[in-house]
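K.L.:
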Amino acid sequence: MSRWTVVPLQRSLGAFADAWDALNERAFGNHPMLSSLFVEGLLRNFGDGTERLCQLEAQGQVQAMCIVKPSGPFMWTSFLPSQAQIGPTLMADATQLPQLLSRLPFFAFGLDLLCNDPAVGGVVSHSLPPTQRTNHALTMNISLEASFPTYWSGRSRNLQSNINRYLKRVQTDNISWRLAIVASPIEIFGATSRYADLEAIGWKGTAGTALPSDPAQLAFYVELMQGAAQRDEARIFELWFGDTLVASRLAVVKNGVLIMLKTSYLESMAQYSPGRLLQRMVIEHAFDAWPNGRIEFYTDANQDQLAWATGDRWMQHATLLRWPSLAIILAAMRVLRGSRYMRNTHFSKETSVEVFHHPDALPQDVQALLARAEKHNLELGVAWYRNLVDTVYPSHPGLRFYVLRHEGQAVAVLPLRAEKARLGWHLKSLSNYYTALYEPALAVGLKPFELATLLRAIRLDFPGAASMTFSPMDPSCHAYQTLLAAFRLKGWLAFEFFAFGNWHLPVANTWSDYLANPLPHSCGS
Numbered sequence: 089m090s091r092w093t094v095v096p097l098q099r100s101l102g103a104f105a106d107a108w109d110a111l112n113e114r115a116f117g118n119h120p121m122l123s124s125l126f127v128e129g130l131l132r133n134f135g136d137g138t139e140r141l142c143q144l145e146a147q148g149q150v151q152a153m154c155i156v157k158p159s160g161p162f163m164w165t166s167f168l169p170s171q172a173q174i175g176p177t178l179m180a181d182a183t184q185l186p187q188l189l190s191r192l193p194f195f196a197f198g199l200d201l202l203c204n205d206p207a208v209g210g211v212v213s214h215s216l217p218p219t220q221r222t223n224h225a226l227t228m229n230i231s232l233e234a235s236f237p238t239y240w241s242g243r244s245r246n247l248q249s250n251i252n253r254y255l256k257r258v259q260t261d262n263i264s265w266r267l268a269i270v271a272s273p274i275e276i277f278g279a280t281s282r283y284a285d286l287e288a289i290g291w292k293g294t295a296g297t298a299l300p301s302d303p304a305q306l307a308f309y310v311e312l313m314q315g316a317a318q319r320d321e322a323r324i325f326e327l328w329f330g331d332t333l334v335a336s337r338l339a340v341v342k343n344g345v346l347i348m349l350k351t352s353y354l355e356s357m358a359q360y361s362p363g364r365l366l367q368r369m370v371i372e373h374a375f376d377a378w379p380n381g382r383i384e385f386y387t388d389a390n391q392d393q394l395a396w397a398t399g400d401r402w403m404q405h406a407t408l409l410r411w412p413s414l415a416i417i418l419a420a421m422r423v424l425r426g427s428r429y430m431r432n433t434h435f436s437k438e439t440s441v442e443v444f445h446h447p448d449a450l451p452q453d454v455q456a457l458l459a460r461a462e463k464h465n466l467e468l469g470v471a472w473y474r475n476l477v478d479t480v481y482p483s484h485p486g487l488r489f490y491v492l493r494h495e496g497q498a499v500a501v502l503p504l505r506a507e508k509a510r511l512g513w514h515l516k517s518l519s520n521y522y523t524a525l526y527e528p529a530l531a532v533g534l535k536p537f538e539l540a541t542l543l544r545a546i547r548l549d550f551p552g553a554a555s556m557t558f559s560p561m562d563p564s565c566h567a568y569q570t571l572l573a574a575f576r577l578k579g580w581l582a583f584e585f586f587a588f589g590n591w592h593l594p595v596a597n598t599w600s601d602y603l604a605n606p607l608p609h610s611c612g613s
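In the numbering used here, the protein residues as written are 89 to 613.
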């Protein structure tokens, strides 16, 4: 028999620290950002005493643990200071979640488990109603399985050219540079202090977010780096131009996984891009130091940062509700918040929307965006839409391909079909019963607030629109999550509904093996 227990914490894991680390080691790969060293530092420096440790025990063994705190009347959320890029949740199986709500104090209606890594644990591996998931930040990583020359040759020409230009500039100006890697407990305090000083004289110091600006934040990182150094798990990478520190990175490493924590550079040396030069040096070092490992950045990556990556994934929030009916109330609250957000948001003049009526009229960069989407679904490419338009909807006056541009680049394509009805326009996805899956084509990392600008343009074209329906969509895909969040930001009430199940069979082994031991079919919605 399993049962959750909920224990108040006094800004420390206390006697539960060993059990926490044992579970992290057994089921979560000894993740450095889920270690008691990291979590204890968060609690000690940023906790307020309202935190609770939730622990699931079965047959004398701890199965799951997480740290939560009240976030409002009847709602609870993960304890997640800004210094934590992954939520303190050790849960391998999402089916363990429903019992937890009934054990939380004050008759909890809902629980937000924040910043879940789909590669770590099982909180977002299942879609359990009434659980809602939202994409939060696009993190990135670099696999160290190949060699550095192989990795670097696979980067974009633009990235390689830029780095080579900065290196040449350093050489032309006769700058003597060196890479320092600090790992020993004796030296780590000095390197952490140098990093803090570097932040303080830059834009973070001006904004009041540098380490020295917040004693609690400075204490956290000093304690973390010193504690990690005692275990040979701390690394501080420094780039020096002569006797001047021009860039620094704080990192922790364990089991071949190097996790970047913070980075800063000397802004007066921006013409040499020391931060990017240091990043290249660190990556090259990592291929030698931790072969077959990986580098994790745990950041909300933009297009420039993604150019360095070999992989990316979305960090996700998961909201667990006591009753399905609460989803409607929560959606209404989000609508109100979204309306206020959109009223107070000033959209960039660098963002624009274009409208086309046939796929052949789409510019080359828009077709390229559809081609990238086509790689994982052939029904998202120009050829599919051309065939659909010409054979199913010839001369249809309501076909639209809405294109969102940012700084001149196409970042979203939303194909629509507008139907005139008695109560106004009904806007639908450009699909029909031949379409197995539909989704807008989105650039990697596109955020809901950016897509909301496109929805605003659609609303201006069809001011009397009675409804918008997008089907069939995969609820686990990024486009679905982004479109749903964009609706809510616009202040529109969005309803999710079941369309059909998708039966599939994993192809493994041989045909003879399958006939001898047929696998059960799997179904997903």
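A virtual CB, placed ideally from N, CA and C, is assigned to each residue, including glycine. Keep in mind it's a predicted model, so treat the numbers as computed, not measured.
Below 8 Å between beta carbons: does that hold for W92 and Q173?
P.N.:
Cβ atoms of W92 and Q173: not closer than 8 Å.
K.L.:
State buried or exposed for T351, treating a residue as buried only when at least 16 other CB atoms are found within 10 Å of its CB.
P.N.:
Answer is buried; the Cβ neighbour count reaches 16.
K.L.:
Starting from I371, follow the alpha helix (DSSP H) in both directions and report where the run begins and ends.
P.N.:
Where I371 is concerned, the enclosing alpha helix (DSSP H) stretches over 362–377.
K.L.:
Answer with buried or exposed for R505, where buried requires no fewer than 16 other C-beta atoms within 10 angstroms of its C-beta.
P.N.:
Answer is buried; the Cβ neighbour count reaches 16.
K.L.:
Excluding the five sequence neighbours on either side, which residues of its own chain have a C-beta within less than 8 Å of the C-beta of L255, listed in chain order?
P.N.:
Result list for L255: L365, in chain order.
K.L.:
Considering Cα atoms alone, identify which of D453, F134, L468 is closest to F308.
P.N.:
Nearest option by C-alpha distance: F134.
K.L.:
Going straight from the alpha carbon of M369 to that of F126, what length do you get?
P.N.:
Between M369 and F126, the C-alpha separation is close to 26 Å.
K.L.:
If you draw a straight line from the alpha carbon of A322 to that of S123, how long is it in whole angstroms?
P.N.:
Between A322 and S123, the C-alpha separation is close to 13 Å.
K.L.:
So the candidates are L593, Y568, W591; which of them puts its Cα closest to the Cα of F583?
P.N.:
Among L593, Y568, W591, the Cα nearest to that of F583 is on Y568.
K.L.:
Which whole-angstrom value describes the C-beta separation of E326 and A284, a residue pair presumed to lie in contact below a C-beta threshold of 8 Å?
P.N.:
Contact doesn't hold; Cβ gap of about 13 Å is too wide.
K.L.:
Quick check on DSSP: helix, strand or coil for A105?
P.N.:
Helix.
K.L.:
Mind the definition here: the stretch 441–452 touches the stretch 468–476 only if three or more C-beta pairs lie below 8 Å; say whether that holds.
P.N.:
Segments in contact, yes.
K.L.:
Pick out whichever of T570, D136, G278 has its Cα sitting closest to the Cα of S100.
P.N.:
Comparing Cα positions, the closest option is D136.
K.L.:
Determine the contact status of H224 and Q367, defining contact as a CB-CB distance below 8 Å.
P.N.:
The answer is no: Cβ separation not under 8 Å.
K.L.:
Report the residue from S519, E438, R576 whose alpha carbon sits nearest the alpha carbon of A540.
P.N.:
Considering only alpha carbons, the answer is R576.
K.L.:
Given a cut-off of 8 Å, decide if Y490 and V443 are closer than it, judged by their beta-carbon atoms.
P.N.:
Going by C-beta atoms, V443 is nearer than 8 Å to Y490.
K.L.:
Hey, does A271 have any beta-carbon neighbour from chain B nearer than 8 Å?
P.N.:
No chain B appears in the structure shown, which is made up of a single protein chain.
K.L.:
Kindly indicate which three-state DSSP category L354 falls into: helix, strand or coil?
P.N.:
Coil.
K.L.:
Quick check: the Cα distance between Q98 and R221, rounded to an integer number of angstroms?
P.N.:
Their backbone Cα atoms lie some 30 Å apart in a straight line.
K.L.:
Measure the CB-CB distance between A619 and H494 and report whether it falls below 8 Å.
P.N.:
A question about residue 619 goes unanswered here, because the residues of the chain that appear run from 89 up to 613.
K.L.:
Return the Cβ separation of E355 and G290 in integer angstroms, given the expectation that the two are a contact with Cβ distance under 8 Å.
P.N.:
Right, the Cβ-Cβ distance comes to about 5 Å (below 8 Å), so this counts as a contact.
K.L.:
Indicate whether F550 and Y526 have their beta-carbon atoms separated by less than 8 Å.
P.N.:
Cβ distance not < 8 Å, so F550 and Y526 don't count as in contact.
K.L.:
Within this structure, are the beta carbons of G210 and A234 separated by less than 8 Å?
P.N.:
No, the Cβ-Cβ distance between G210 and A234 is not below 8 Å.
K.L.:
Can you tell me which of S564, K535, L201, T523 puts its alpha carbon nearest to the alpha carbon of T407?
P.N.:
When only C-alpha atoms are compared, the closest one is L201.
K.L.:
Straight-line CA distance for Q314 to F277?
P.N.:
Computed Cα separation, rounded: 7 Å.
K.L.:
Where does T541 sit, in a helix, a strand or coil, going by DSSP?
P.N.:
In this structure, T541 counts as helix in the three-state DSSP scheme.
K.L.:
Consult DSSP for M179 and reduce its assignment to one of helix, strand or coil.
P.N.:
Three-state result, M179: strand.
K.L.:
Quick check: the Cα distance between T479 and R245, rounded to an integer number of angstroms?
P.N.:
Approximately 41 Å, taken between the alpha carbons.
K.L.:
Once the 5 residues before and after T439 are set aside, which same chain residues still bring their CB inside 6 Å of it?
P.N.:
Taken in chain order, the residues that qualify are H494, T541.
K.L.:
DSSP state of R99, grouped into three classes?
P.N.:
If DSSP states are grouped into helix, strand and coil, R99 belongs with coil.
K.L.:
Pop quiz: L232 and W328 are said to be a contact at Cβ under 8 Å. What is the actual Cβ separation, rounded to whole angstroms?
P.N.:
Not quite, the Cβ-Cβ distance comes to about 25 Å (not below 8 Å), so this is no contact.
K.L.:
Flag this pair as yes or no: are the beta carbons of M179 and W108 separated by less than 8 Å?
P.N.:
Result no, Cβ atoms of M179 and W108 do not sit closer than 8 Å.
K.L.:
For a minimum of 3 consecutive residues, which ranges assigned as the beta strand (DSSP E) are wholly contained in the stretch 296–346?
P.N.:
Segments of the beta strand (DSSP E) lying fully in the stretch 296–346: 322–329, 332–342.
K.L.:
To the nearest angstrom, report how far apart P96 and P206 are at their CA atoms.
P.N.:
Each residue's Cα considered, the two are about 28 Å apart.
K.L.:
What residues in its chain sit with their C-beta under 6 Å from that of L312, if we drop five residues either side in the sequence?
P.N.:
Within the same chain, L312 has close Cβ partners G129.
K.L.:
Taking 8 Å as the threshold (C-beta atoms), are L511 and L487 in contact?
P.N.:
Taking 8 Å as the Cβ cut-off, L487 and L511 do not qualify as a contacting pair.
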